[in-house]
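Note sheet for the following structure.
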Amino acid sequence: MAAKYLYGRRVELWVITKNQTYKFYYHQKLNYSFGIGFTVPFSDSTTAQTCSVSVMNLSASHRKIFKEKRHIKLFAGYSESGVGLLTEGFITHTQPYSTDGVTGTFNFDFKEGHDENVKKKVSLSLGPGTTVSTAIRRIAREAGITLGKLKLAKPGAAYKSGYTASGNPVTLIKKAAEKGGSKAYRRRGILCVDDLSKANGYREHLYLTMHQKGKHGGTGLIAEPVYNEDDEDSKKKTVEIQSLLQYQVSTGSIIQVDNPVFSGTKRVQSGQHTCDDSGMITTMEVYA
70 MAAKYLYGRR VELWVITKNQ TYKFYYHQKL NYSFGIGFTV PFSDSTTAQT
120 CSVSVMNLSA SHRKIFKEKR HIKLFAGYSE SGVGLLTEGF ITHTQPYSTD
170 GVTGTFNFDF KEGHDENVKK KVSLSLGPGT TVSTAIRRIA REAGITLGKL
220 KLAKPGAAYK SGYTASGNPV TLIKKAAEKG GSKAYRRRGI LCVDDLSKAN
270 GYREHLYLTM HQKGKHGGTG LIAEPVYNED DEDSKKKTVE IQSLLQYQVS
320 TGSIIQVDNP VFSGTKRVQS GQHTCDDSGM ITTMEVYA
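Taking the working numbering, the leading residue of the sequence shown gets 70, the next gets one more, and so forth.
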């Protein structure tokens, strides 16, 4: 597996309106402070994550573009390996422009999601023998939810007497996924259902080792893996992995770790991507 050395940071921020897509770029240069910073959390929950972004020295006319409910896409990466989508969603809150006399900062939050107008409640009545996968797809269609991966541990699971339900569509999908032996979660804002087996995750083909002397950034790891002490009584223990930012990583990603403390092919449970003046980092909780 070829290593990609991570240097020459790149960030792209898109604001999408009905008539136009506005694109803001940061390309790292010598003695140039970051123009775009962010915190992008991800987890194996169905709850939509809230992400935060800061943009420096943004003109008044450009700040007006960032209105609540507008669609945001955030990309990051490096000059050698290119950029990739971290996440997308819709603006929920903007803060007043602030300045220290030299640098001005504009901050806003957005909630992850692919669909803006999802119904809060759906009602369905399906006939005897309806499979769990069919029920999940129907709930998503009725609610206006874009459904990502749908993988059930029990693909033949069905409702012998029929399926009748009314309520929050995400809650209904979560419950149906459990009947199929799987779990519902969000990946880059898109609702997915997966059986959570290692073999059926998202293979990102990432090989993470510590920094190699003489190489630009090594192959990712910037700290020794740390076992999560809070998981002592848990059946599924996790380990924290910290690396230079890897845009490919999100919930369900399969990564290969090579370290004396902790190694192997592991599945990502949760984490976050962060970017500020000190650098770009991806922190991951992986199943031990």
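Virtual Cβ for every residue (Gly too), placed ideally from N, Cα, C.
Please read all numbers here as calculations on a predicted model, not as lab measurements.
Would you please state the rounded distance, in angstroms, between the beta carbons of residue i and residue j? I believe it to be under 8 Å.
i, j, result
"phenylalanine 15", "leucine 143", "For residue 15 there is no data in the structure shown, the boundaries of the chain being 70 and 357."
"leucine 219", "valine 262", "5 Å"
"glycine 51", "glycine 196", "Past the edges of the chain, shown from 70 to 357, lies residue 51, and the structure says nothing about it."
"leucine 343", "glutamine 311", "At residue 343 the sequence reads threonine, which differs from the leucine that was named. Actually they do not touch by this definition, with Cβ atoms about 10 Å apart."
"isoleucine 105", "arginine 139", "Not really, about 17 Å apart at Cβ, beyond 8 Å."
"asparagine 126", "threonine 163", "Contact doesn't hold; Cβ gap of about 16 Å is too wide."
According to the neighbour-count rule (16 or more other Cβ atoms, all chains shown, within 10 Å of its Cβ), is residue i buried or exposed?
i, result
"tyrosine 76", "exposed"
"aspartate 113", "buried"
"arginine 255", "buried"
"arginine 272", "exposed"
"arginine 210", "exposed"
"tyrosine 228", "buried"
"serine 123", "buried"
"proline 238", "buried"
"valine 326", "buried"
"glutamine 338", "buried"
"tyrosine 94", "exposed"
"glutamate 137", "exposed"
Quick one: what does DSSP say residue i is sitting in, helix, strand or coil?
i, result
"phenylalanine 331", "coil"
"alanine 292", "coil"
"cysteine 186", "Rather than cysteine, the amino acid found at residue 186 in this sequence is asparagine. Coil."
"serine 266", "coil"
"glycine 286", "Because the pLDDT of glycine 286 is 49, which lies under 50, any placement of that residue in the model is unreliable, and the number read from its coordinates should be weighed accordingly. Glycine 286 falls in the coil class under three-state DSSP."
"glutamate 309", "strand"
"glutamate 38", "Here the chain comprises residues numbered 70 to 357, so residue 38 is not present and cannot be evaluated."
"glutamate 298", "helix"
"glycine 231", "coil"
"phenylalanine 135", "coil"
"threonine 215", "coil"
"threonine 115", "coil"
"threonine 172", "coil"
Are the Cβ atoms of residue i and residue j separated by less than 8 Å?
i, j, result
"glycine 147", "arginine 257", "The displayed chain sequence assigns tyrosine, not glycine, to residue 147. Against a cut-off of 8 Å, the Cβ pair of arginine 257 and tyrosine 147 comes out as no contact."
"phenylalanine 111", "threonine 320", "yes"
"lysine 188", "alanine 204", "no"
"threonine 199", "alanine 226", "no"
"serine 202", "leucine 221", "yes"
"glutamate 354", "glutamate 293", "no"
"glycine 270", "isoleucine 214", "no"
"glutamate 181", "glutamine 97", "no"
"leucine 64", "threonine 307", "Coverage of the chain is limited to positions 70 through 357, which leaves residue 64 absent and any answer about it impossible."
"serine 150", "lysine 190", "no"
"lysine 252", "leucine 265", "yes"
"leucine 275", "threonine 115", "no"
"valine 109", "leucine 154", "no"
Let's see if you can read the secondary structure: which residues bound the beta strand (DSSP E) around residue i?
i, result
"serine 123", "119-125"
"lysine 248", "Unbroken run through lysine 248 is the alpha helix (DSSP H), 238-248; no beta strand (DSSP E)."
"alanine 204", "Looking at the DSSP string, alanine 204 is not in any beta strand (DSSP E); the run it does join, the alpha helix (DSSP H), is 201-212."
"serine 194", "191-195"
"threonine 352", "348-356"
"threonine 90", "90-96"
"arginine 359", "Limits of the chain in this structure are 70 at one end and 357 at the other, which puts residue 359 out of reach."
"leucine 221", "No beta strand (DSSP E) contains leucine 221, which DSSP labels as neither H nor E."
"tyrosine 254", "252-256"
"serine 319", "Neither: serine 319 is in no beta strand (DSSP E) and is coded neither H nor E."
"proline 110", "105-111"
"threonine 161", "151-163"
"tyrosine 166", "Note, tyrosine 166: premise wrong, no beta strand (DSSP E); not H, not E."
Identify the continuous alpha helix (DSSP H) that holds residue i and give its terminal residues.
i, result
"alanine 129", "129-132"
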